[in-house]
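Novice:
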Amino acid sequence: MFVNCITPTPIVHTVRSRCRTTFYDLRKQHIDALAEAINQYDWCEVIDTTDIDLAYESFLTITKTLIGFHIPQHTVTISDNTPKYITPLIKSLLRKRNKLTRKGKIMDADCLSQKIGKLITETRANQLSNVNHKDVKRLWSSVRSSSSSKQRETLVASSQFSADDLAGYFTEVATDTTYDPSSIAETINYLSRKKDILSNQAIFPVVHEYEVYKSLSQVKKTSPGPDNIPYWLFKHCAMELTPTITHIINLSLTTGKPPALWKKATITPVPKITNPKELSDFRPISVTPLLSRIVERIIVNKYILPILPADRLADQFAYRPTCSTTAALVALDHHVARHLESTSYVRCLTIDYSKAFDCISHPILFNKLLNLNLLPNISLWICQFLTGRTHSVCFGGVTSDWLSITASIVQGSGIGPCLFIIYTMDLKAISAYNTILKYADDTTLLVPQNSSVTLQAEFSHILDWSSNNKLKINKLKTKEIVFHRPRLPKKSLPALLPEIERVHCVKILGVLLSDTMSPTQHINQFISQCNQRLFLLSQLKHQGLSVEAISIIFQALILSKITYALPAFAGHISVTDINRIDKFLKKAHRRGLVNQVFNISSLIERYDRQLFLSISHPGHCLHYLLPEKRHHSMHLRPRGHDYTLTHISTTLFKNSFVNRCIFNTV
């Protein structure tokens, strides 16, 4: 006779890891003391120095000394089971509250509890906004444990890669095998001579104190970079630091040389997918010194953007004023619908570049800069900024060695995005009848049925341009979709493009579009995502979060999903889909997760009105889509605008954003 025996599972006692974290005490009295010390300090050691490296090193030494003397540091112990929303500051305040309670100071403890509650609410809202909807298991786990998922810790623990592996890979990508130091040196010498000529004529860039103060006072919370100067120093002591920092900036721009430390970057690897398996699944985000980023943005806004030719940037919808993904999608919808007025189909190619930002060739970029009407000092500064760069990778608490790179415009830098659009500015379609739309490195090519230049010819031209500019197109991720009129026979579609997959639905800048321009699949996707996030809010409600706070989180996590790029596809939403969205919004209000009832029609009207008013200004990137204004001498019936009503033969074009707004405001 056999007896089923179950061997008892031994109890394993896990050891909780604990780590001590040090943070600055940034209470008002300490910040005021630091600001007063900075104001009283004699900065002659920095201001009287004509060497930018020595001046910046002195600035760093003085500021770190003053911070250490006036800003206390506290240390708290954080264990691995501490909820993510319990930051070191909150942990320290909890200890302080407990001490007040033990001493019988109940009123003080209650006041502190209210402050702690607000901090926890803000922290959790920020963390929930980063929850990845694709990983449903982790999504639910993050809620049930009453803390956000420790994605980064789990990723590092389970990763098969080290900081050195990632550093080696990123360095290999950002290394130009044909790099010629002599040609770079020749360009720098040429710009130095031009700079000296203009300097003798007293023509050199000048940044004023009010510009620096504005930049410093508007600094947002961010990582400090290799120089370890925290963001709050610039933000809270902007007025006191402005004269000294203005001198450093002007010295750097006048000499055309950035401090050596600004040419270093610490890379934070960001996974492109949920579970990265290869080194290529990580994106390198470079953290440069904060003051360097401030100077780069000043250079972009004051010296580069004003001189860029608007006509050559009309197809670029990233890193420019008034531009956005919504604007790019509105332009795409408009051009496709316009072509379908007279043709049966429009071929669309979504081109994917491999590591575009990291493969930018410096010699090619410098030659393109020379063709712009930039001050030699600024061009020289940019060349010096990109030449001789080094980076290291921080991953899993380990920092790799510093490695040199000879390519890239440094993802995460303030000037990199602007340099990228300059680099790709000369990529144009062969035929003016065809259209290229760019959002950073996301390039979309539109070729209508009756174009004189075929899609194959246009794609070959883009391949040649990419090869000449040392960029690589990933043909496996490049897709073709044929937008066509309803009920078009399949035999009427053009032949397939070699090596390129043709799909019936494509995701462009986060919006799913079918070959009939229907957004139904996009709506299916965001309703599914929003239902998941609705569960998150239900859990917060059960935990006692106020309706007002939940409503704010609802608008940040859910309403933003629904309204993302809404003007671009709103005219093509079917009645069935409108009812589905309204049903979801009513359900959220019925469950008490939002304090008002939204409906998609009013949201469409609001977002359409906002964007239409914006594009009415001549400086807007979509202004060219508007028809001409009517000229008349007779007194006509008043309208909501002065634009002419063009003849439209298809519903698709009438429902595109510009025409929809024009006809709705007649």
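Here the sequence shown is numbered in the working numbering, starting from 39 and rising by one per residue. For every residue, glycine included, the Cβ atom is placed at its ideal position computed from N, Cα and C.
#1: With a 10 Å radius around its C-beta and 16 neighbouring C-beta atoms as the bar for buried, classify Ile235 as buried or exposed.
#2: What first and last residue would you give for the beta strand (DSSP E) that runs through Tyr62?
#3: Could you check what DSSP says for His380 in three-state terms: helix, strand or coil?
#4: Taking Glu643 as the reference, give the member of Pro314, Val84, Ser362 and Cys699 with the closest Cα.
#5: To which residues of the same chain is Lys172 closer than 7 Å at the C-beta, ignoring the five residues directly before and after it?
#6: My output table needs one value for Thr209: the three-state DSSP class, helix, strand or coil.
#7: Given Gln449, which residues of its chain have a CB within under 8 Å of its CB, disregarding the five upstream and five downstream residues?
#8: Here's the rule: buried if 16 or more other CB atoms are within 10 angstroms of the residue's CB, otherwise exposed. What is Ser446?
#9: Who pairs with Gln354 in a beta bridge, going by DSSP?
#10: Just to confirm, is the Cβ distance from Val109 to Tyr62 under 9 Å?
#11: Who pairs with Leu484 in a beta bridge, going by DSSP?
#12: Please determine, among Glu95, Gly106 and Ser584, the residue with the shortest C-alpha to C-alpha distance to Ala71.
#13: Once you ignore the five residues that flank Phe592 on each side, which residues in its own chain have a CB closer than 8 Å to its CB?
#14: Considering only DSSP beta bridges, list what Gln111 is partnered with.
#15: Write down the C-beta distance between Ala205 and Ser438 rounded to the nearest angstrom, noting that I regard them as a contact closer than 8 Å.
#16: I need the straight-line Cα distance from Lys621 to Arg628, nearest angstrom please.
#17: Give me the residue from Asn227, Val374, Leu329 and Asn506 with the minimum Cα distance to Gln256.
#18: Does DSSP put Leu597 in a helix, in a strand, or in coil?
#19: Buried or exposed: where does Leu534 fall if 16 or more other Cβ atoms within 10 Å of its Cβ makes it buried?
#20: What residue does the alpha helix (DSSP H) around Val541 start on, and which one ends it?
#21: Under 8 Å, with one C-beta from each stretch per pair, do the region 459 to 476 and the region 354 to 364 reach the 3-pair mark?
#22: Have a look at Thr601 and Leu641 and give me their C-alpha separation to the nearest angstrom.
#23: Taking 9 Å as the threshold (C-beta atoms), are Ala93 and Ile286 in contact?
#24: Which of helix, strand or coil does DSSP assign to Lys466?
#25: Please give me, in chain order, every unbroken run of the alpha helix (DSSP H) with length at least 4 that falls completely inside the region 398 to 432.
#26: If you draw a straight line from the C-alpha of Leu457 to the C-alpha of Pro344, how long is it?
#27: Given Ala365, which residues of its chain have a CB within under 7 Å of its CB, disregarding the five upstream and five downstream residues?
#28: Short of 8 Å in beta carbon distance, which residues of its chain neighbour Pro296, apart from the five on each side in sequence? Order them along the chain.
#29: Could you please give the first and the last residue of the uninterrupted beta strand (DSSP E) stretch that includes Thr280?
#30: For a test of the three-state rule: what should DSSP assign to Leu98, helix, strand or coil?
#31: Can you name the start and end residues of the alpha helix (DSSP H) that His730 belongs to?
#32: Could you say which of Leu157, Tyr662, Val696 and Thr682 lies nearest to Gln648 if we only look at CA atoms?
#33: Would the beta-carbon of Asn238 fall within 9 Å of that of Lys102?
#34: Look up Thr558 in the DSSP assignment and say whether it is helix, strand or coil.
#35: Return no unless some Cβ of chain B is closer than 9 Å to the Cβ of Arg133.
#36: Given this structure, state the Cα-to-Cα distance separating Leu493 from Leu441, to the nearest angstrom.
Specialist: According to the structure data:
#1: Exposed.
#2: First-last of the beta strand (DSSP E) with Tyr62: Arg56 to Tyr62.
#3: The question names His, but residue 380 is Ser in the sequence shown. Here Ser380 carries a coil assignment [DSSP, helix/strand/coil].
#4: Ranking Pro314, Val84, Ser362 and Cys699 by Cα distance to Glu643 puts Cys699 first.
#5: Because the pLDDT of Lys172 is 42, which lies under 50, any placement of that residue in the model is unreliable, and the question is left without a value.
#6: Judged by DSSP in its simplified three-state form, Thr209 adopts helix.
#7: Sequence-distant Cβ neighbours of Gln449 in its own chain, meaning closer than 8 Å and more than five residues away, are Arg321, Pro322, Ile323, Ser324, Phe395 and Asp396.
#8: With 16 or more other Cβ atoms from the protein chains shown falling within 10 Å of its own Cβ, Ser446 counts as buried.
#9: Residue pairing for Gln354: DSSP places it in a beta bridge opposite Lys476.
#10: It should be pointed out that residue 109 corresponds to Ile in this sequence rather than to Val. Result yes, Cβ atoms of Ile109 and Tyr62 sit closer than 9 Å.
#11: The partner list for Leu484 (beta bridge, DSSP) reads Cys386 and Thr473.
#12: For the residues Glu95, Gly106 and Ser584, the minimum Cα distance to Ala71 belongs to Gly106.
#13: So the qualifying residues of the chain are Leu575, Ala626, Leu631 and Val632.
#14: According to DSSP, Gln111 bridges with Tyr62.
#15: With 8 Å as the limit, Ala205 and Ser438 qualify as a contact, their Cβ atoms being about 4 Å apart.
#16: Answer to the nearest angstrom: the Cα atoms are 10 Å apart.
#17: Residue Leu329 is the option with its Cα nearest to Gln256.
#18: Leu597 falls in the helix class under three-state DSSP.
#19: So Leu534 counts as exposed.
#20: Where Val541 is concerned, there is no enclosing alpha helix (DSSP H), given that its DSSP letter is neither H nor E.
#21: Contact between the region 459 to 476 and the region 354 to 364 is present: 3 or more CB-CB pairs across the two stretches fall below 8 Å.
#22: Going by the C-alpha atoms only, they are around 7 Å apart.
#23: Cβ atoms of Ile286 and Ala93: closer than 9 Å.
#24: Reduced to three states, the DSSP call for Lys466 is coil.
#25: Secondary structure within the region 398 to 432: the alpha helix (DSSP H) runs of 4 or more consecutive residues, fully enclosed, are 400 to 408 and 414 to 424 (chain order).
#26: Straight across, the Cα-Cα distance linking Leu457 with Pro344 is about 14 Å.
#27: Cβ neighbours of Ala365 beyond the five flanking positions: Phe355, Cys659 and Leu660.
#28: Within the same chain, Pro296 has close Cβ partners Ile90, Ser290, Ser330, Val333, Trp419, Gln422 and Phe423.
#29: Counting along the chain, Thr280 falls outside any beta strand (DSSP E), though it belongs to the alpha helix (DSSP H) covering Ala276 to Thr293.
#30: It is helical.
#31: Not covered by the structure: residue 730. The range shown for the chain is 39 to 704.
#32: Taking each of Leu157, Tyr662, Val696 and Thr682 in turn and checking the Cα distance to Gln648, the smallest one comes out for Val696.
#33: Taking 9 Å as the Cβ cut-off, Asn238 and Lys102 do not qualify as a contacting pair.
#34: Correct three-state label for Thr558: helix.
#35: Considering every chain present, this structure includes no chain B. It has just one protein chain.
#36: The straight-line gap from Cα to Cα measures roughly 42 Å.
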